[in-house]
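Enquirer:
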Amino acid sequence: MCRVLGIDTSNYTTSVAVVDNGKIVYDTRKLLKIKTGEKGLRQSEALFQHVNNLPLILNDKSVSNLDAVCVSIKPRPIEESYMPVFKAGQSIAEAIAYTNNINIYYTTHQEGHIEAACRSIDFEYKEFVALHLSGGTSEVLHIKRDKGYFIKKIGGTKDISLGQFIDRIGVALGFEFPAGKYVDSLAMSKDDAGLRIPSRVDGLEFNLSGQETLGLKYINMGYNPYEICYAAMLCISKTIEKTINNILKTYNLPVLIMGGVASSEFLRNYISKRFYNLVFFGDPKYASDNAVGIAYIGYMNQGGI
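Taking our numbering, the leading residue of the sequence shown gets 683, the next gets one more, and so forth.
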């Protein structure tokens, strides 16, 4: 028997999961509360909400008889990566481990996303290129994995992330933050109206701040919200399409797309039609922030497969 608790306290979600003998037996997430019109949370506000949320979502019979606990302690597996919000999860994970005399394992938010995406579709490649697309990150990664990951950043955004671009357009249109699901839904509701926000890609790097400026200009000019949402989603889809084409010119490897933006129906449809059997998406259920991948990383460290 191997039962492992995973904890992740990211910028916008408090997440807990339990994996028992390789199966997910508990997976719960609580979005942090953001005031209408705001574009995010200060770290201190997010940390306070995590501290309040964790006892609530850990209070479940599934969170018992544990053999180990695994927790994300920073955004990415590089030395300079740090965010205070992850201290909330780390402190309670250590308390659980020490009081129950069980093992504790440390990982990162990004590695959790990778593991969750791979597990969700039985993606068994040992070497691949991943696009981590979220509100805080838009990176192109060369990944090798065994029991753990060797991750090298080879590209990505040169300014704002895809998630920031979509969220800022959505909030300016009056949607709640995070606004991605509303922008995506409206873009999917009708056919192409012809409005465009040009994409800009240079090799494996891309820009989005100028695209944000143009999108906000369209809003001020009074264009229909549907047209703007369609143009924004088409812009990020073409950005990813061009980036993937450049990846495939250099790397003879499969491409995995993960992170919150990867749950977009518009993006998934657009990319899947153009890269059949070359590009893979994780299950949308595990695209947004979660602790499932964290729990699986702990499970592997504890001796599971």
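By construction, the Cβ of each residue, glycine as well, lies at the ideal position given by its N, Cα and C atoms.
Counting along the chain, where does the beta strand (DSSP E) carrying N672 start and finish?
Expert: Outside the displayed span of the chain (683 to 987) sits residue 672, for which this structure offers no information.
Enquirer: Just tell me which of K834, V937, S816, L815 has its CA closest to the CA of L823.
Expert: Position 141 of the sequence shown holds residue 823. The option with the nearest alpha carbon to L823 is K834.
Enquirer: Rounded to the nearest angstrom, how far is the Cβ of F768 from that of T691, given a contact under 8 Å?
Expert: For this step, residue 768 is matched to residue 86 along the sequence shown. For this step, residue 691 is matched to residue 9 along the sequence shown. That pair is a contact at about 6 Å.
Enquirer: Would you call the stretch 698-713 and the stretch 736-753 touching, i.e. three or more CB-CB distances under 8 Å?
Expert: When C-beta atoms of the stretch 698-713 are compared with those of the stretch 736-753, three or more pairs fall below 8 Å, so the two segments count as touching.
Enquirer: Distance cutoff 8 Å, beta carbons only. Does V686 sit that close to anything in chain C?
Expert: The structure shown contains no chain C; it is built from a single protein chain.
Enquirer: If you pair each beta-carbon of the stretch 968-976 with each one of the stretch 926-943, do three or more pairs fall below 8 Å?
Expert: yes
Enquirer: Assuming contact is defined by CB atoms lying nearer than 8 Å, are I987 and Y787 in contact in what I supplied?
Expert: Sequence index remark: in the sequence shown, residue 987 carries index 305 (1-based). Sequence index remark: in the sequence shown, residue 787 carries index 105 (1-based). Result no, Cβ atoms of I987 and Y787 do not sit closer than 8 Å.
Enquirer: Do the CB positions of G897 and A875 come within less than 8 Å of each other?
Expert: Translated into the one-based positions of the sequence shown, residue 897 becomes position 215. Translated into the one-based positions of the sequence shown, residue 875 becomes position 193. It is not a contact, given that the beta carbons lie outside the stated cut-off.
Enquirer: Do the stretch 750-766 and the stretch 790-801 touch if we need at least three Cβ pairs shorter than 8 Å?
Expert: yes
Enquirer: Just tell me which of M765, G904, V751, N951 has its CA closest to the CA of T633.
Expert: Any answer about residue 633 is impossible in this case: the structure gives the chain only from 683 up to 987.
Enquirer: Among the residues of its own chain, which have a CB less than 7 Å from the CB of V849, if the five just before and after it don't count?
Expert: In the sequence shown, the residue the question calls residue 849 occupies position 167. The question names Val, yet the displayed sequence has Asp at residue 849. Within the same chain, K721, G817, F859, P860, A861, G862 come within 7 Å of D849 by CB-CB distance, once the 5 residues on both sides are set aside.
Enquirer: Would you call I851 buried or exposed, if buried means 16 or more other Cβ atoms sit within 10 Å of its Cβ?
Expert: If you number the sequence shown from 1, residue 851 lands on position 169. By the 10 Å Cβ count, I851 comes out buried.
Enquirer: Do you know how far the Cα of D884 is from the Cα of Y708?
Expert: Looking up residue 708 in the sequence shown gives position 26. Looking up residue 884 in the sequence shown gives position 202. Taking the straight line joining both Cα atoms gives about 42 Å.
Enquirer: Ends of the beta strand (DSSP E) at N889?
Expert: Mapped onto the sequence shown, residue 889 falls at position 207. Here the beta strand (DSSP E) through N889 covers 887-889.
Enquirer: Tell me the residue span of the beta strand (DSSP E) that contains G837.
Expert: Residue numbering aside, residue 837 sits at position 155 when the sequence shown is read from its first letter. Start and end: 830-839.
Enquirer: Tell me the residue span of the beta strand (DSSP E) that contains C752.
Expert: Within the sequence shown, numbered from 1, the residue matching residue 752 stands at position 70. 750-754 is the span of the beta strand (DSSP E), which, as asked, contains C752.
Enquirer: Quick check: the stretch 945-955 against the stretch 918-927, are there 3 or more CB pairs under 8 Å?
Expert: yes
Enquirer: Under the three-state reduction of DSSP, which class applies to R801: helix, strand or coil?
Expert: Here residue 801 refers to the residue found at position 119 when the sequence shown is read from its first residue. R801: helix per DSSP, three-state reduction.
Enquirer: Where R801 and N902 are concerned, what is the direct C-alpha to C-alpha distance, given to the nearest angstrom?
Expert: Against the sequence shown, residue 801 aligns to sequence position 119. Against the sequence shown, residue 902 aligns to sequence position 220. Cα to Cα, the separation comes out at about 43 Å.
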